[in-house]
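Taking it in order: structure first as structure tokens, then the write-up.
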Amino acid sequence: MHNKFMIFDARDTVNPANDWLWGGSANITENQFYDDAQNVFLIQDQAICNTFTREFEEMWGSHTDFNIPARAKFGPEKSRNTPNLFFVNGKKIEVYFSPTENIGTVIEDLITTQNTSLNFCMFAFTRFNIANKMKTVYSPPTRMVRGVFDGSNSSDPVYLEMKGIGGSFPWNPAAKVWLDNVPGQLHHKYMVIDPETPSSNPIVQTGSANYSNNAIFNSDENIVIFYDSLIANIYFQEFSKRISDAGGTIDVKSISSEIPNGFELSQNFPNPFNPVTSINFSLPVKSKVKLIIYDALGREVITLVNSDLNTGVYSINWNASNYSSGVYFYSLQTESFTSTKKMLLVK
Numbered sequence: 169m170h171n172k173f174m175i176f177d178a179r180d181t182v183n184p185a186n187d188w189l190w191g192g193s194a195n196i197t198e199n200q201f202y203d204d205a206q207n208v209f210l211i212q213d214q215a216i217c218n219t220f221t222r223e224f225e226e227m228w229g230s231h232t233d234f235n236i237p238a239r240a241k242f243g244p245e246k247s248r249n250t251p252n253l254f255f256v257n258g259k260k261i262e263v264y265f266s267p268t269e270n271i272g273t274v275i276e277d278l279i280t281t282q283n284t285s286l287n288f289c290m291f292a293f294t295r296f297n298i299a300n301k302m303k304t305v306y307s308p309p310t311r312m313v314r315g316v317f318d319g320s321n322s323s324d325p326v327y328l329e330m331k332g333i334g335g336s337f338p339w340n341p342a343a344k345v346w347l348d349n350v351p352g353q354l355h356h357k358y359m360v361i362d363p364e365t366p367s368s369n370p371i372v373q374t375g376s377a378n379y380s381n382n383a384i385f386n387s388d389e390n391i392v393i394f395y396d397s398l399i400a401n402i403y404f405q406e407f408s409k410r411i412s413d414a415g416g417t418i419d420v421k422s423i424s425s426e427i428p429n430g431f432e433l434s435q436n437f438p439n440p441f442n443p444v445t446s447i448n449f450s451l452p453v454k455s456k457v458k459l460i461i462y463d464a465l466g467r468e469v470i471t472l473v474n475s476d477l478n479t480g481v482y483s484i485n486w487n488a489s490n491y492s493s494g495v496y497f498y499s500l501q502t503e504s505f506t507s508t509k510k511m512l513l514v515k
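Numbering (the numbering used here), first residue to last: 169 to 515.
Here you go:
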């Protein structure tokens, strides 16, 4: 049993407003809460809480406070007896449980909806069917696949193939995938689709399930799918930090291969902006580059670039949907050059 969820007051029919679901990737341990990279969500909705309660009671073996072990069912013994589609405050949410529902097929179907980017953080990724489906939508630079694996995956075939450095069918071009290298586990299990493109119906898929055969066919798992641009943007900001810490970056587009006369950081455009703006910069030599956004108090907001880049002119977009109006600063930093400019987000 690999689920991670808690239901509050769903069997209390007096007040539906106090029905809450807590779920996500985290086990309830000190290390998981304080040391490891995790995500959790809270949903206040009676119907979703009732659905998770039904799943729980099947494994509990009873509809009461007292379990009946002889009636408890786990794994393939469970029935497919829960709804999948919900609307909470007008927002579409889907819920699936394994192994009675083929969450592998659900995840693969989500992948095919990608129009601009697919971004994932995954503790264990060993399911080739999912990786191969990602490969079918990967067409850089217009349709990107980016990911962060837990550091324990360094010799796993899926990572090696996606990285283009091993396995039976290495990707060419390689996906933008990295190994987490900070202390603690990267215990996430999420995928974010098209977060930079609100018109493309952005999606977040998260829950307890790794991308593995065991999660799909054997373990008791759940996945929850949010169809919402704001939630997608929140997860994408988290993803941006994870990939930056791993040594990668959200895509920087090369817009000219001509050798510039010198380092230059251009004014963002448009400015003022809401919510997306473009930042261009020039590198006369190959450089270790950081491009960091700060708020008006000088606090780091997000690292957009943290990688080695060749000579050329580059452009990167910043989607500030999840940030408040106000003045922000962006700073280009290399070994021999630093420049900072101001921009204004107006909502």
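No residue lacks a Cβ here, since even glycine has one placed at the ideal position from N, Cα and C.
Where the alpha helix (DSSP H) through residue i begins and ends
i	result
residue 277	271 to 279
residue 311	Premise fails: residue 311 is in no alpha helix (DSSP H) and is neither H nor E.
residue 497	Where residue 497 is concerned, there is no enclosing alpha helix (DSSP H), although the beta strand (DSSP E) it sits in stretches over 494 to 501.
residue 304	296 to 304
residue 329	325 to 331
residue 216	214 to 228
residue 202	198 to 202
Span separating the alpha-carbon of residue i from that of residue j
i	j	result
residue 211	residue 284	28 Å
residue 479	residue 443	29 Å
residue 354	residue 407	11 Å
residue 347	residue 489	28 Å
residue 471	residue 263	33 Å
residue 297	residue 510	45 Å
residue 251	residue 265	10 Å
residue 492	residue 195	32 Å
residue 201	residue 428	47 Å
residue 460	residue 469	8 Å
residue 495	residue 445	13 Å
residue 504	residue 224	58 Å
residue 240	residue 227	5 Å
residue 394	residue 259	8 Å
residue 324	residue 351	20 Å
residue 190	residue 208	7 Å
residue 419	residue 255	33 Å
residue 261	residue 506	44 Å
residue 321	residue 512	41 Å
residue 327	residue 414	14 Å
residue 449	residue 431	7 Å
residue 305	residue 273	16 Å
Counted within 10 angstroms of its Cβ, other Cβ atoms place residue i as buried (16 or more) or exposed
i	result
residue 307	exposed
residue 426	exposed
residue 433	buried
residue 181	exposed
residue 410	buried
residue 440	exposed
residue 396	buried
residue 435	exposed
residue 465	exposed
residue 329	buried
residue 417	buried
residue 456	exposed
residue 467	exposed
residue 336	exposed
residue 318	buried
residue 179	exposed
Beta-carbon contacts of residue i that lie in its chain and below 6 Å, excluding the five residues immediately before and after
i	result
residue 412	471, 474
residue 365	284
residue 288	315, 359
residue 515	442, 493
residue 186	177
Same chain, Cβ closer than 8 Å to residue i, five either side skipped, listed in chain order
i	result
residue 421	309, 482, 483, 484
residue 238	229
residue 342	330, 331, 332, 333
residue 487	363, 364, 401, 404, 443, 444
Residues near residue i in its chain [Cβ-Cβ closer than 7 Å; skip 5 each side]
i	result
residue 243	267, 386, 388
residue 361	278, 281, 282, 286, 370, 371
residue 171	376, 388, 389, 390
residue 303	339
residue 368	283, 284, 362
residue 269	248
residue 462	468, 469, 496, 497, 499
Element boundaries [beta strand (DSSP E), containing residue i]
i	result
residue 255	253 to 256
residue 474	468 to 477
residue 486	480 to 487
residue 451	444 to 451
residue 176	173 to 176
residue 513	506 to 513
residue 491	Element bounds for residue 491: n/a, residue is neither H nor E.
residue 347	344 to 347
residue 190	188 to 192
residue 372	371 to 375
residue 263	259 to 266
residue 286	285 to 290
residue 457	455 to 463
heavy atom of the ligand GTP below 8 Å from residue i C-beta
i	result
residue 301	With respect to the ligand GTP, the structure shown offers nothing to examine, as it has no ligands at all.
Identify every run of the alpha helix (DSSP H) within the region 383 to 412, keeping only runs that are complete inside it and at least 4 residues long; order them along the chain. none
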